[in-house]
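Below is one structure, written out as structure tokens; comments come after it.
2 protein chains.
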Amino acid sequence: MTSIKQIAKEVGASVSTVSRALNGYHDVNPKTREKVIEAARNLNYFPSSAARSLVTKRTYMIGLFFGDNVNSGFEDPFFQKVLSAIRELVGDAGYDLLVFTNKNKERATYTTLCRERGVDGTILILTGREKQVNSQLTDLQNSGIPCVAIDVPLEGDRCTYVESDNFLGMKKAVSYLAGLGHRQIAFIGGDEVSKISLDRLNGYRSGLNDAGISYDPDLIEMGYYAKEYAELAVKNILKKNKKVTAFVCASDVMAFAAIETLQEEGCSVPGEASVIGFDDVNEAAGYHIPLTTVKQNKEEIGRAATEQLLKIIEDPALSPSPIMIPCELIVRQSAAEAPKKT
Amino acid sequence: MTSIKQIAKEVGASVSTVSRALNGYHDVNPKTREKVIEAARNLNYFPSSAARSLVTKRTYMIGLFFGDNVNSGFEDPFFQKVLSAIRELVGDAGYDLLVFTNKNKERATYTTLCRERGVDGTILILTGREKQVNSQLTDLQNSGIPCVAIDVPLEGDRCTYVESDNFLGMKKAVSYLAGLGHRQIAFIGGDEVSKISLDRLNGYRSGLNDAGISYDPDLIEMGYYAKEYAELAVKNILKKNKKVTAFVCASDVMAFAAIETLQEEGCSVPGEASVIGFDDVNEAAGYHIPLTTVKQNKEEIGRAATEQLLKIIEDPALSPSPIMIPCELIVRQSAAEAPKKT
DNA sequence: GTTTATTACAAAAACGTTTTTGGAAAACAA
DNA sequence: TTGTTTTCCAAAAACGTTTTTGTAATAAAC
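Protein sequence lines, in the order shown, are assigned to chains A and B. Numbers 1 to 342, taken from UniProt numbering, label the letters of the first sequence in order. Numbers 1 to 342, taken from UniProt numbering, label the letters of the second sequence in order.
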């Protein structure tokens with residue numbers, strides 16, 4: 001590594017002058033600046049970000065945490081797109097992305113890890129189903145570290161979150177089904193704890209309500225966003241209620257699982273049963289029965305999260321508020337008119 | 001940030017003693033060590049990695065570069081799995097992952113970016129189709145920065161690369177088709193420049209050769225790993241040669257495109273034409289015609305790359321050699337016996 | 001009871017930057 | 001001329017660590 005000292009020696013100036021020349025300060029003679037820049041170029045100089053950040057307190061790194069859920073992270077079909085958007089915007093703004101992966105820190109928390117690396121801000125990509133993370137989250141909320149979470153309610157001085165309008169999204173799906181004549185609409189939910197799951201459930205109930213359909217707990221099962229559990233959920237509902245004609249699912253993977261299970265049980269989709277998913281992942285359109293689903297605007301979520309974070313970083317006084325991104329019902333072929341009663 | 005100084009003041013010791021106590025040196029009294037650790041815990045102390053790395057020359061960060069290709073990065077279905085494996089192993093080894101995304105550096109190169117951030121090593125995820133990157137690559141090769149590339153031949157003192165056995169993989173596909181009676185086997189290649197594309201082409205030719213089939217340039221088209229180009233390629237081949245009964249493609253996306261195009265042209269798959277892909281992406285198994293394809297062992301590629309990189313970092317004397325990961329033919333339903341001649 | 005080893009600590013230098021402060025030289029004003 | 005700006009630069013402190021070197025105080029050896 002060539003340092004600022006070597007440049008100083010090269011051009012016969014002091015270290016401070018070189019620094020000021022390189023950083024475009026006004027009180028340096030154009031000629032010396034030229035010489036400095038020339039020398040820097042020749043010596044292939046680039047400033048050590050560690051040394052710099054030690055004094056400036058800025059690293060131009062954005063931290064990234066993934067939930068410990070297996071699907072979370074690079075492989076999750078939903079988060080991929082969110083990530084791409086984040087990557088894009090963060091890069092445009094002149095930051096690099098630090099993905100926290102180190103597993104050898106015993107007592108580390110989100111906060112300590114951020115402080116240790118000195119990231120300027122951080123993005124949390126969680127599912128809301130992580131365990132024993134709550135104390136860490138409140139800790140982070142109070143830390144003053146600029147931070148925005150995705151899908152998980154996080155509010156503080158310099159903290160906020162971004163999510164889809166899960167309530168309205170799910171409501172749209174149910175209203176659509178009701179419009180097609182369905183009255184027995186089952187709900188394959190995510191889980192019983194996370195905000196997004198609860199919002200989707202409430203959207204479902206609100207949709208039923210608007211359509212004048214009474215809520216039947218027998219039609220509710222949780223699928224935990226996993227294929228296996230979703231299959232079980234569908235089977236359970238079929239056992240309890242033979243008359244169900246539609247399934248609305250809290251994710252596309254669960255919708256795929258539902259369709260497969262229904263077909264295995266000899267029930268055609270969408271002829272005898274309609275299925276609607278949530279997310280609109282890549283596979284949804286090309287699925288053998290193109291999936292009708294509630295699309296989450298993933299790019300927009302990533303974009304909003306990044307922009308918000310950058311704003312929080314820029315302006316210490318800003319007190320941010322949560323951002324909600326609209327969902328859109330994508331009509332394809334997995335939901336159709338309710339079968340006529342026989 | 002609470003610093004080592006504050007701990008020193010707290011316990012009435014010198015800065016150096018605190019440092020040595022925390023780092024487990026032997027020449028510190030057990031009692032003072034206890035006090036120091038206690039204080040560190042109470043003050044919620046974590047060492048500034050910037051300050052530390054300034055003197056130790058280690059950051060415990062692994063750099064990550066993505067090719068500028070659109071598909072490259074978080075969204076590429078192939079690299080996702082590679083990435084997951086990298087993430088896992090890097091984390092186990094006590095490193096974090098620095099994704100280079102900053103676009104505001106004018107004259108930056110791989111090498112300068114690595115030096116600037118001080119990463120201990122770096123992984124290159126490229127496609128081999130990046131433009132004007134060659135000089136940067138040779139620069140990196142000579143830099144002495146530990147580095148392993150994926151799919152792109154990179155060799156140097158502390159540089160190497162990992163790739164699938166593309167030659168043998170493609171050869172297996174062709175041999176399989178030949179075994180099914182196909183004689184007119186078209187090849188939808190990747191591109192004309194990258195090593196992996198060339199290796200796959202050579203595997204194709206070798207497969208033909210072994211089966212006693214002569215090579216026909218009319219059956220070769222490039223699809224540039226993109227849906228649109230692959231469609232064009234298939235149409236061109238159909239124009240030139242009506243008798244072709246099989247298509248082997250250098251990627252799954254191109255295979256999907258081929259199947260769709262064939263069906264549009266009124267040619268049933270696998271009845272009238274067989275199609276084999278390459279990669280075995282997630283969608284392959286669930287595709288409406290489950291795709292027969294050459295599976296790249298993505299997790300293994302990521303694992304090998306990471307392990308190799310860590311070894312290079314550990315041992316400055318090690319001169320690494322390239323690693324080749326075997327491919328496996330996954331037989332599903334998109335390839336069948338050649339139709340009888342009519 | 002002196003010499004030698006051992007134990008436990010502190011002081012200071014170093015890493016590569018930025019930033020603050022101060023001041024000489026040059027330019028301008030009177 | 002003298003006084004006052006302005007222009008340009010250097011010295012030094014600071015950021016938070018690690019590491020090297022030195023040295024008291026204590027323990028062991030004879």
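All C-beta atoms in this analysis are idealised placements derived from N, C-alpha and C, irrespective of residue type, glycine included.
What separation, rounded to the nearest whole angstrom, lies between the Cα atoms of B/A246 and B/A50? In the second sequence, residue 246 of chain B corresponds to position 246, counting from 1. In the second sequence, residue 50 of chain B corresponds to position 50, counting from 1. Looking at the backbone, the Cα of B/A246 and that of B/A50 are separated by about 57 Å.
Residues of the region 107-132 of chain A with Cβ closer than 7 Å to any Cβ of chain B, in chain order: Close to chain B, meaning a Cβ-Cβ distance shorter than 7 Å, are the following residues of the region 107-132 of chain A: T112, R115, E116, R117 and G118.
State the Cα-Cα distance for the pair A/E221 and A/I301, rounded to the nearest angstrom. Here residue 221 of chain A corresponds to residue number 221 of the first sequence, with the count starting at 1. Here residue 301 of chain A corresponds to residue number 301 of the first sequence, with the count starting at 1. Computed Cα separation, rounded: 28 Å.
Quick one: what does DSSP say B/K295 is sitting in, helix, strand or coil? As a first step, residue 295 of chain B is located in the second sequence; it is residue number 295 there, counting from the start. Correct three-state label for B/K295: strand.
By Cβ distance below 6 Å, which residues in the same chain neighbour B/T122 in space, the five residues on each side in sequence not counted? Taking the first residue of the second sequence as 1, we reach residue 122 of chain B at position 122. Around B/T122: G63, C114 and C147.
When the Cα atoms are used, what is the spatial distance from B/V36 to B/L22? In the second sequence, residue 36 of chain B corresponds to position 36, counting from 1. In the second sequence, residue 22 of chain B corresponds to position 22, counting from 1. Spanning the two alpha carbons is a distance of roughly 7 Å.
Does the Cβ of A/G223 have 16 or more other Cβ atoms within 10 Å, making it buried, or fewer, making it exposed? Translated into the one-based positions of the first sequence, residue 223 of chain A becomes position 223. It counts as buried.
Is there a C-beta anywhere in chain A that falls below 9 Å from the one on B/N142? Reading the second sequence from its first residue, position 142 is the one you call residue 142 of chain B. No, because no Cβ of chain A sits closer than 9 Å to the Cβ of B/N142.
Counting only beta-carbon atoms, is A/P47 nearer than 9 Å to chain B? Stepping through the first sequence from its first residue, residue 47 of chain A is reached at position 47. Yes, A/P47 lies at the interface with chain B (some Cβ there is under 9 Å from its Cβ).
Cβ of B/Y176 less than 9 Å from any chain A Cβ? As a position in the second sequence, residue 176 of chain B is number 176, starting the count at 1. Chain A has no Cβ within less than 9 Å of the Cβ of B/Y176.
Determine the DSSP secondary structure at B/I7, reduced to helix, strand or coil. Here residue 7 of chain B refers to the residue found at position 7 when the second sequence is read from its first residue. Assignment of B/I7 by DSSP, reduced to helix, strand and coil, places it in the helix class.
Per-residue DSSP class, three states only, for A/A186: Translated into the one-based positions of the first sequence, residue 186 of chain A becomes position 186. When secondary structure is reduced to three states using DSSP, A/A186 falls in the strand class.
Other residues of its chain near B/I325: CB distance less than 8 Å, five sequence neighbours each side excluded: If you number the second sequence from 1, residue 325 of chain B lands on position 325. For B/I325, the CB contacts under 8 Å within the same chain, skipping 5 residues up- and downstream, are V162, E163, S164, D165, Q296, N297, E300, I301 and A304 in chain order.
Among A/A211, A/L168, A/S194 and A/V193, the one whose alpha carbon lies nearest that of A/R183: Taking the first sequence and counting its residues from 1, the one referred to as residue 183 of chain A is at position 183. Nearest C-alpha to A/R183: A/A211.
So, at 8 Å on beta carbons, what are the nonlocal neighbours of A/Q263 in its own chain, with the 5 sequence-adjacent residues on each side left out? On the first sequence, position 263 is the one that residue 263 of chain A refers to. V269.
Outcome for A/S334 when other beta-carbon atoms lying within 10 angstroms are tallied against a minimum of 16: Here residue 334 of chain A corresponds to residue number 334 of the first sequence, with the count starting at 1. A/S334 comes out buried.
Where does B/M170 fall in DSSP's three states? If you number the second sequence from 1, residue 170 of chain B lands on position 170. The three-state secondary structure of B/M170, taken from DSSP, is helix.
Excluding the 5 residues flanking A/D191 on each side, which residues of the same chain have their C-beta closer than 7 Å to its C-beta? Looking up residue 191 of chain A in the first sequence gives position 191. The residues are R129, S197, M222 and Y224.
Measuring straight from C-alpha to C-alpha, what distance separates B/V253 and A/E283? As a working note, residue 253 of chain B is residue 253 in the second sequence. As a working note, residue 283 of chain A is residue 283 in the first sequence. Annotation: B/V253 to A/E283 spans about 12 Å, alpha carbon to alpha carbon.
Cβ shell of B/T17 (< 8 Å), same chain only, five flanking positions each side left out: Start at 1 with the first residue of the second sequence, and residue 17 of chain B comes out as number 17. In chain order, A8, V28, T32 and V36 place their CB closer than 8 Å to the CB of B/T17, counting only its own chain and leaving out the 5 sequence neighbours on each side.
Taking residue 346 of chain B as the reference, which of B/A250, B/S175 and B/K239 has the closest Cα? Because chain B in this structure spans residues 1 to 342, residue 346 of chain B falls outside the shown range and cannot be described.
Please report the Cβ distance between B/S143 and B/T111, rounded to the nearest whole angstrom; I am assuming they are in contact, meaning their Cβ atoms lie under 8 Å. Within the second sequence, residue 143 of chain B is the residue found at index 143, counting from 1. Within the second sequence, residue 111 of chain B is the residue found at index 111, counting from 1. Separation of the CB atoms of B/S143 and B/T111 is rounded to 5 Å, and the pair is thereby assigned contact status at 8 Å.
DSSP three-state call for B/I37: helix, strand or coil? Numbered from its first residue, the second sequence carries residue 37 of chain B at position 37. Of the three classes helix, strand and coil, the one that applies to B/I37 here is helix, per DSSP.
Min CB distance B/G286 to chain A below 9 Å: If you number the second sequence from 1, residue 286 of chain B lands on position 286. So yes, B/G286 belongs to the interface.
Can you pull the DSSP bridge partners for B/G63? Here residue 63 of chain B corresponds to residue number 63 of the second sequence, with the count starting at 1. B/G63 pairs with B/L98 and B/T122.
Could you please tell me which residues of the region 274-308 of chain B, in chain order, have their CB closer than 8 Å to any CB of chain A? Answer set for the region 274-308 of chain B: N282, E283, G286, Y287 and H288.
Taking B/R200 and B/I312 to be in contact with their CB atoms under 8 Å, please state how far apart those CB atoms are, rounded to whole angstroms. Residue numbering aside, residue 200 of chain B sits at position 200 when the second sequence is read from its first letter. Residue numbering aside, residue 312 of chain B sits at position 312 when the second sequence is read from its first letter. Between B/R200 and B/I312 the beta-carbon gap is near 28 Å, outside 8 Å, which marks them as no contact.
Candidates A/E116, A/S84, A/D76 and A/T306, of which the one nearest B/T2 by Cα: Your numbering for residue 2 of chain B matches position 2 in the second sequence. Looking at the Cα atoms, A/E116 is the closest of the given residues.
Identify the residues that DSSP records as bridge partners of B/T127: which are they? Residue numbering aside, residue 127 of chain B sits at position 127 when the second sequence is read from its first letter. As DSSP reads the structure, B/T127 sits in no beta bridge.
Extract the residue ranges of the beta strand (DSSP E) inside the region 193-248 of chain B, only unbroken runs of 3 or more that lie entirely within it. Correct list: 220-222.
Just list the residues that DSSP pairs B/F278 with in beta bridges. Position 278 of the second sequence, counting from 1, holds the residue named residue 278 of chain B. B/V294.
Under 7 Å between beta-carbons, which chain A residues line up against B/N104? List them in chain order, please. Residue numbering aside, residue 104 of chain B sits at position 104 when the second sequence is read from its first letter. Chain A residues near B/N104: G94.
Which of helix, strand or coil DSSP assigns to B/I289: As a first step, residue 289 of chain B must be located in the second sequence, where it is residue number 289. When DSSP states are grouped into helix, strand and coil, B/I289 belongs to the coil group.
Kindly indicate which three-state DSSP category B/V148 falls into: helix, strand or coil? Here residue 148 of chain B corresponds to residue number 148 of the second sequence, with the count starting at 1. Assigned with DSSP and collapsed to three states, B/V148 falls in strand.
Based on Cα-Cα distance, which residue from B/E314, B/P320, B/E34 and B/A255 lies nearest to B/H288? The count along the second sequence starts at 1 and reaches residue 288 of chain B at position 288. The shortest C-alpha separation from B/H288 is found at B/A255.
What in chain B is Cβ-close to A/K81, meaning under 9 Å? Walking along the first sequence from the start, residue 81 of chain A turns up at place 81. Chain B residues near A/K81: F74 and E75.
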